[in-house]
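Let me begin by presenting the structure, written as structure tokens, before commenting on it.
Residue numbers (full-length UniProt numbering): 1 to 341.
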């Protein structure tokens, strides 16, 4: 008994409280589309300093205790109530037809809602009095185009082309989100695209990454601290790292396809880097959606072989508008020439 008390004091036997994380969703005036995850609250402080505390936080982010197969409730107001259920990994997806959602938009197109555990007899304390806020984006009627951007080595230097990805590991484990620096000029460029040529277009920005959903709050804080335009962040589950078949499309490509299918009236600017598979994915998207891709901007990386491969890829698709970017100023100049900003 004495040992149990010691272990509980150290946090090994203590049962964590429950929470629901709502990932920023996107939809239309008649379609509500939101994802998130029900988890134990690991009490992660993203502002922690010190290598040991950062390492513990990283461990907590990936050693998650999900709340499986439990019903959830979403309230947009007192009259619009939606139901959902978490899966075997604690994730939920609510994809429902709801009329007149645009009536609930703010000036930037965000619809606020509240999510809660429907089963209040889970034998665990639920934080926030079982009330968790969420938001879903409906692009403004003024929007002229959308922007879909990668995160790693596109706006956040991560080192995805480093040997054995060691830089990615070091940066994620031992650097706080508040101390990470964006690539120079990236936030300014995205605000210009968000505002558009007229300055008030509220063009939607979507952030898509191969990173796991475990890093959602980390990346959300990074974008907020560095004043990037607010937008849905679309990641992937840890299980997808091992389950994807060779013939199956990458999760990033599936997410981008879903966005373009949701907004058939919008064309898009795609932004990524030349280090991984962005070029291959974006070319395929441009071919699947003719005349819907206004421009592709790929940041150059310090790997001559990869950059040469990307240049060769686009040389065979000269009808696809493409620019290799060394500095953000080059992309801004091109966007002005094209009348995007």
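C-beta: ideal position from N, C-alpha, C; glycine also.
Given the structure is predicted, the values throughout are model-derived calculations rather than measurements.
Residue span of the beta strand (DSSP E) that contains residue 189, given as start and end: On the chain shown, residue 189 is found 189 positions in, with the first residue counted as 1. Not the beta strand (DSSP E): residue 189 falls in the alpha helix (DSSP H), residues 186–195.
Terminal residues of the continuous alpha helix (DSSP H) containing residue 261? Locating residue 261 in the chain shown gives position 261, where the first residue counts as 1. Element bounds for residue 261: 251–262.
Express the C-alpha separation of residue 319 and residue 289 in angstroms, rounding to a whole number. Residue numbering aside, residue 289 sits at position 289 when the chain shown is read from its first letter. Residue numbering aside, residue 319 sits at position 319 when the chain shown is read from its first letter. Using only the alpha carbons, I get a separation of about 13 Å.
Among 156, 279, 29, which one has its Cα closest to the Cα of residue 136? As a position in the chain shown, residue 136 is number 136, starting the count at 1. Comparing alpha carbon positions, the residue from 156, 279, 29 closest to residue 136 is 29.
Whole beta strand (DSSP E) runs in the region 81–119 with 3 or more residues, listed along the chain? Runs of the beta strand (DSSP E) inside the region 81–119: 81–85, 91–97, 110–117.
To the nearest angstrom, how far is it from the Cα of residue 216 to the Cα of residue 333? Taking the first residue of the chain shown as position 1, residue 216 is located at position 216. Taking the first residue of the chain shown as position 1, residue 333 is located at position 333. When rounded, the distance between both Cα atoms is 32 Å.
In this structure, what does DSSP give as the bridge partners for residue 152? Position 152 of the chain shown, counted from the first residue, corresponds to residue 152. Answer by DSSP bridge pairing, in chain order: 156.
Our contact map puts residue 183 next to residue 335 with C-beta atoms below 8 Å; I'd like the distance itself, whole angstroms only. One-based indexing of the chain shown puts residue 183 at position 183. One-based indexing of the chain shown puts residue 335 at position 335. Cβ-Cβ separation between residue 183 and residue 335: approximately 16 Å, too far for a contact (criterion under 8 Å).
I need the DSSP call for residue 328, collapsed to helix, strand or coil. Position 328 of the chain shown, counted from the start, is the residue given in the question as residue 328. Helix at residue 328.
For residue 129, does the three-state DSSP call read helix, strand or coil? Numbered from 1 along the chain shown, position 129 holds the residue referred to as residue 129. Helix, per DSSP.
Can you tell me whether residue 77 is helix, strand or coil according to DSSP? Working through the chain shown from its first residue, we reach residue 77 at position 77. Secondary structure at residue 77: coil, using DSSP grouped into helix, strand and coil.
Using only the alpha-carbon positions, how far apart do residue 347 and residue 281 sit? Outside the displayed span of the chain (1 to 341) sits residue 347, for which this structure offers no information.
Enumerate in chain order the residues of its own chain whose CB-to-CB distance from residue 190 is below 8 Å, with the five nearest sequence positions on each side excluded. Numbered from its first residue, the chain shown carries residue 190 at position 190. Cβ within range, chain order: 147, 149, 155, 205, 228, 229.
Quick check: what's the CA-CA separation for residue 356 versus residue 35? Lying outside 1 to 341, the shown extent of the chain, residue 356 is not represented and no answer is given.
How long is the line joining the alpha carbons of residue 278 and residue 298, rounded to whole angstroms? Translated into the one-based positions of the chain shown, residue 278 becomes position 278. Translated into the one-based positions of the chain shown, residue 298 becomes position 298. Put simply, the backbone Cα of residue 278 is about 8 Å away from that of residue 298.
Inter-residue Cα distance where the pair is residue 220 and residue 152: Here residue 220 corresponds to residue number 220 of the chain shown, with the count starting at 1. Here residue 152 corresponds to residue number 152 of the chain shown, with the count starting at 1. Each residue's Cα considered, the two are about 13 Å apart.
Any idea if residue 276 is buried or exposed, counting beta-carbon neighbours within 10 angstroms, 16 or more meaning buried? As a position in the chain shown, residue 276 is number 276, starting the count at 1. Buried, by the Cβ-count rule.
In chain order, what residues of the same chain have a beta carbon less than 7 Å from the beta carbon of residue 337, not counting five sequence neighbours either side? Taking the chain shown and counting its residues from 1, the one referred to as residue 337 is at position 337. Correct list: empty, nothing qualifies.
Compute the beta-carbon to beta-carbon distance between residue 84 and residue 74, rounded to the nearest angstrom, for a pair I have assumed lies under 8 Å. Against the chain shown, residue 84 aligns to sequence position 84. Against the chain shown, residue 74 aligns to sequence position 74. Correct: roughly 7 Å between the Cβ atoms.
Write down the C-beta distance between residue 194 and residue 202 rounded to the nearest angstrom, noting that I regard them as a contact closer than 8 Å. Position 194 of the chain shown, counted from the first residue, corresponds to residue 194. Position 202 of the chain shown, counted from the first residue, corresponds to residue 202. Confirmed, Cβ separation roughly 7 Å.
In angstroms, rounded to a whole number, what distance separates the CA positions of residue 342 and residue 115? This structure leaves residue 342 out entirely; the chain is present only between 1 and 341.
Measure the alpha-carbon distance for residue 95 versus residue 31 and round it to whole angstroms. Position 95 of the chain shown, counted from the first residue, corresponds to residue 95. Position 31 of the chain shown, counted from the first residue, corresponds to residue 31. Taken atom to atom, the span from the alpha-carbon of residue 95 to that of residue 31 is near 7 Å.
Please report the residue range of the beta strand (DSSP E) in which residue 223 lies. Taking the chain shown and counting its residues from 1, one reaches residue 223 at position 223. It is not in any beta strand (DSSP E) - residue 223 instead sits in the alpha helix (DSSP H) that spans 216–225.
How many angstroms separate the CA atom of residue 127 from the CA atom of residue 120? Looking up residue 127 in the chain shown gives position 127. Looking up residue 120 in the chain shown gives position 120. Distance between the alpha carbons of residue 127 and residue 120: 12 Å.
From residue 350 to residue 124, what does the alpha carbon distance come to, in whole angstroms? There is no way to answer for residue 350, as the model of the chain reaches only from 1 to 341.
What whole-angstrom Cβ distance do residue 294 and residue 340 have, given they're in contact under 8 Å? By one-based count along the chain shown, residue 294 stands at place 294. By one-based count along the chain shown, residue 340 stands at place 340. Going by Cβ atoms, the distance from residue 294 to residue 340 rounds to 7 Å, so yes, they are a contact pair.
Tell me the DSSP bridge mates of residue 28? The residue labelled residue 28 in the question sits at position 28 within the chain shown. 31.
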